[in-house]
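Asker: Numbering-wise (my numbering), the sequence shown opens with residue 1 and increments by one. Where a beta carbon is used, it is the ideal one built from N, C-alpha and C, also for glycine. In this text, all values refer to a predicted model and were calculated from it rather than measured experimentally.
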Amino acid sequence: MSNGSIRPDEVTDILRRELGNFETEAEEYEAGTVLEAGDGIATLYGMSNAQASELVEFPEQDVEGMVLNLEEDNVGVVLFGDVDAVSEGDEARRTGRIASVGVNENMLGRVIDPLGRPLDGEGPIEGEKTVLPLERKAPGVIYRQPVEEPLQTGIKAIDSMIPIGRGQRELVIGDRQTGKTAVLVDTIINQRKTHEDTTESGDPVYCVYVAVGQKDSTVAQVKRDLERNGAMEHTVIINASASMPTPLQYIAPFAGACIGEFFRDTGRDSLVCFDDLSKQAVAYRELSLLLRRPPGREAYPGDIFYLHSRLLERAAKIINEDNVAAQMNNLPDALEDKVEGGGSLTALPVIETQAGDVSAYIPTNVISITDGQIYLEKDLFNEGIRPAIDVGTSVSRVGGSAQVSAMKDVASTLRIDLSQYRELEAFAKFGSDLDESTQQQLNRGERLVEILNQDQFSPVPVEEQVAIIYAAINGYLDDVAVEDIGEFEEEYVERLRLQHEEVLTEIRETEELTEAAEEAFESVAADLADVYTEEEEEEQEDVLEGAAA
Numbered sequence: 001m002s003n004g005s006i007r008p009d010e011v012t013d014i015l016r017r018e019l020g021n022f023e024t025e026a027e028e029y030e031a032g033t034v035l036e037a038g039d040g041i042a043t044l045y046g047m048s049n050a051q052a053s054e055l056v057e058f059p060e061q062d063v064e065g066m067v068l069n070l071e072e073d074n075v076g077v078v079l080f081g082d083v084d085a086v087s088e089g090d091e092a093r094r095t096g097r098i099a100s101v102g103v104n105e106n107m108l109g110r111v112i113d114p115l116g117r118p119l120d121g122e123g124p125i126e127g128e129k130t131v132l133p134l135e136r137k138a139p140g141v142i143y144r145q146p147v148e149e150p151l152q153t154g155i156k157a158i159d160s161m162i163p164i165g166r167g168q169r170e171l172v173i174g175d176r177q178t179g180k181t182a183v184l185v186d187t188i189i190n191q192r193k194t195h196e197d198t199t200e201s202g203d204p205v206y207c208v209y210v211a212v213g214q215k216d217s218t219v220a221q222v223k224r225d226l227e228r229n230g231a232m233e234h235t236v237i238i239n240a241s242a243s244m245p246t247p248l249q250y251i252a253p254f255a256g257a258c259i260g261e262f263f264r265d266t267g268r269d270s271l272v273c274f275d276d277l278s279k280q281a282v283a284y285r286e287l288s289l290l291l292r293r294p295p296g297r298e299a300y301p302g303d304i305f306y307l308h309s310r311l312l313e314r315a316a317k318i319i320n321e322d323n324v325a326a327q328m329n330n331l332p333d334a335l336e337d338k339v340e341g342g343g344s345l346t347a348l349p350v351i352e353t354q355a356g357d358v359s360a361y362i363p364t365n366v367i368s369i370t371d372g373q374i375y376l377e378k379d380l381f382n383e384g385i386r387p388a389i390d391v392g393t394s395v396s397r398v399g400g401s402a403q404v405s406a407m408k409d410v411a412s413t414l415r416i417d418l419s420q421y422r423e424l425e426a427f428a429k430f431g432s433d434l435d436e437s438t439q440q441q442l443n444r445g446e447r448l449v450e451i452l453n454q455d456q457f458s459p460v461p462v463e464e465q466v467a468i469i470y471a472a473i474n475g476y477l478d479d480v481a482v483e484d485i486g487e488f489e490e491e492y493v494e495r496l497r498l499q500h501e502e503v504l505t506e507i508r509e510t511e512e513l514t515e516a517a518e519e520a521f522e523s524v525a526a527d528l529a530d531v532y533t534e535e536e537e538e539e540q541e542d543v544l545e546g547a548a549a
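1. Would you check if the segment 341-357 and the segment 257-275 touch, i.e. whether three or more CB-CB distances between them fall below 8 Å?
2. Taking the alpha carbon of I189 as the reference point, which residue from Y209, I173, Q177, T364 has its own alpha carbon closest?
3. Determine, using beta carbons only, whether L311 and P253 come nearer to each other than 8 Å.
4. In the structure shown, what three-state DSSP assignment does V395 receive?
5. How long is the line joining the alpha carbons of N453 and F381, rounded to whole angstroms?
6. Classify K317 as helix, strand or coil using the three-state DSSP reduction.
7. Put G40 into one of helix, strand or coil per three-state DSSP.
8. Should P59 be labelled buried (16 or more other beta-carbon atoms within 10 Å of its own) or exposed?
9. From the DSSP output, which residues share a beta bridge with I98?
10. Under 8 Å, do V449 and A406 count as touching if we go by C-beta distance?
11. Using CA atoms only, rank isn't needed, just tell me which of Y492, D337, A481, G174 is closest to E534.
12. Taking E122 as the reference, give the member of L19, L289, E436, I112 with the closest Cα.
13. Alpha carbon to alpha carbon, how far is P150 from A529? Give it in angstroms, no decimals.
14. Beta-carbon within less than 8 Å of N329's beta-carbon, same chain only, minus the 5 sequence neighbours each way: which residues are those?
15. Is it the case that the segment 278-295 contacts the segment 86-105, given that we only count it when at least three CB pairs across the two stretches are under 8 Å?
16. For G116, list the residues DSSP reports as bridge partners.
17. What is the DSSP secondary structure of Q373, reduced to helix, strand or coil?
18. Grouping DSSP H, G and I as helix and E and B as strand, with all else coil, what is P133?
19. In this structure, does DSSP put P8 in helix, strand or coil?
20. Three Cβ pairs or more, each shorter than 8 Å: is that satisfied between the segment 480-497 and the segment 440-447?
21. Assign S48 to one of three DSSP states: helix, strand, or coil.
22. Give the DSSP bridge partners of D433, in chain order.
23. Measure from the alpha carbon of A256 to the alpha carbon of each residue in V410, P461, L513, N104, then state which is nearest.
24. Kindly give me the distance between the Cβ atoms of L335 and G76, rounded to whole angstroms, as I take these residues to be in contact under 8 Å.
25. Between the segment 154-163 and the segment 284-302, are three or more C-beta pairs nearer than 8 Å?
26. Going by DSSP, what residue range makes up the beta strand (DSSP E) through N69?
27. Please go through the same chain and pick out, in chain order, the residues whose beta-carbon is closer than 6 Å to the beta-carbon of Q61, but skip the five residues on each side of it.
28. Going along the chain, which residues of its own chain have a beta-carbon closer than 7 Å to the beta-carbon of C258, five neighbours each way excluded?
29. Can you name the start and end residues of the beta strand (DSSP E) that I155 belongs to?
30. Can you find the residues in the same chain that come closer than 8 Å, C-beta to C-beta, to N443, ignoring five residues on each side of it along the sequence?
31. On the DSSP bridge list, what partners appear for T235?
32. My output table needs one value for G89: the three-state DSSP class, helix, strand or coil.
33. With distances taken from CA atoms, which of R386, A471, S241, I98 is nearest Q456?
34. From P114, I155, V34, F430, pick the residue whose C-alpha is nearest to that of I636; which is it?
35. In angstroms, rounded to a whole number, what distance separates the CA positions of A360 and V366?
36. Apply the 10 Å Cβ neighbour rule to A52 and answer buried if 16 or more other Cβ atoms are within range, or exposed otherwise.
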């Protein structure tokens, strides 16, 4: 036999080697074909067993989508990622997984997209993740308990008149450029105190900030503000910016609720800020119209109310009994062995109004779903009042029972005093002939407005809020010039810190206003008011002397 001939034993060895790795198992999957694609929507044929909210993959294009429409002969899918890559005739496969997001502690301090992928360029999010479905039924009434613990915002106007409790849903509503995001950012910054070991501010609150349809530069600015104020360590930012596909803007608030529920169901307190749900509603309207769903009022689909109600109902204070909490309805399998009672999820949704019209469709929907609203008014904002809260329209239907009792004692008449001041202020513009009591009310109102004015990024501890409001309500500022109120407040609080630190500590720890505290507030306020009044009189004398000369 020549050297070039084939030897049978060599052929046998090669065949044995090649066929030895052959796997007889077939890969089984349900596939469909794209009938139509465009505008971030794909219509598929051949997926008769697909489920609502199930993830679908397009293997050749490396794109994922979510089932939103289940028709008799086709399936409507919204696409995540490169929406232009999918075209007619492409193959799609079922994954069998419901749309979900992986959550763990390492997300804190990161910026992610609604699918949990990092956007901040700081590498992957390490650690084992708990995979939670985006859509989940809210806890039943058996697994809840009343809202009784305060969530301090550090904003005097809110903590005194529109208190928020842990587990509450409080709407922040107003026109664009009225300071809605500033309220959310300040609230998140104030939760830093709950993470400090030396604090008496209650259990730590983990925050989630969901940005929907905003500019990337705006979200970057929020991140910088949180980092500068030491609040980013306990915060997750979910960014579904205006440049991202519409489906991601639609699911972003659900992803935020998922992360909040992870902390809530493991026995911790969480705060989720949805900024804003108006843009989510617009995104959902766009998807619904593209999916050929019939339009209703303002072209929104018929289930637009359900979109926001099922999202916001997930905010809750969970019963403080582990064995009951462990039986919670619709508990994801991944959380079953981690459940602890006593956690909470507080929701602060934002709605943008047009020209102050709170009676439009989406604003009235969300007002009726939430437990109260903080209404920010354009006119007050333009007058320089920060935050520009309209006391007459703002309300908290739940937080009153969670308010610190010292604050409740001090600020019980604050709301009505301010409302009466606003009414008299409008009336006083028509004539200058006012009786003494009306003039006094106007003077008091001016000073109340001034002490509730607050710079951004400067949250005030609740004990100091109690102190300054006590001084204003009891008339110690009546003779202090309005332009000196800010300076008076700083000096007043500084004196209390130096001379009566034990009084402030007692209020912080017991949440009660004692007679000793009242005496301390009165003596410091009276002494300081005398100083400012004397200075004012001296300035007036100098002016009169100068005029006479």
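Answerer: For this structure:
1. yes
2. Y209
3. yes
4. strand
5. 11 Å
6. strand
7. coil
8. exposed
9. E54
10. no
11. A481
12. I112
13. 32 Å
14. K137, P139, G140, Y143
15. no
16. BP columns for G116 are empty, so no partner.
17. strand
18. strand
19. helix
20. yes
21. coil
22. Answer by DSSP bridge pairing: none, since D433 is not bridged.
23. Looking at the sequence provided, one finds Gly at residue 256 rather than Ala. Selected option, being the one with the closest Cα: N104.
24. Rounded, the Cβ-Cβ distance is 30 Å, inconsistent with contact.
25. no
26. 63-70
27. A85, V86
28. V101, V103, L132, L134
29. From DSSP, I155 is part of no beta strand (DSSP E); its letter is neither H nor E.
30. D478
31. C207
32. coil
33. R386
34. Any answer about residue 636 is impossible in this case: the structure gives the chain only from 1 up to 549.
35. 10 Å
36. exposed
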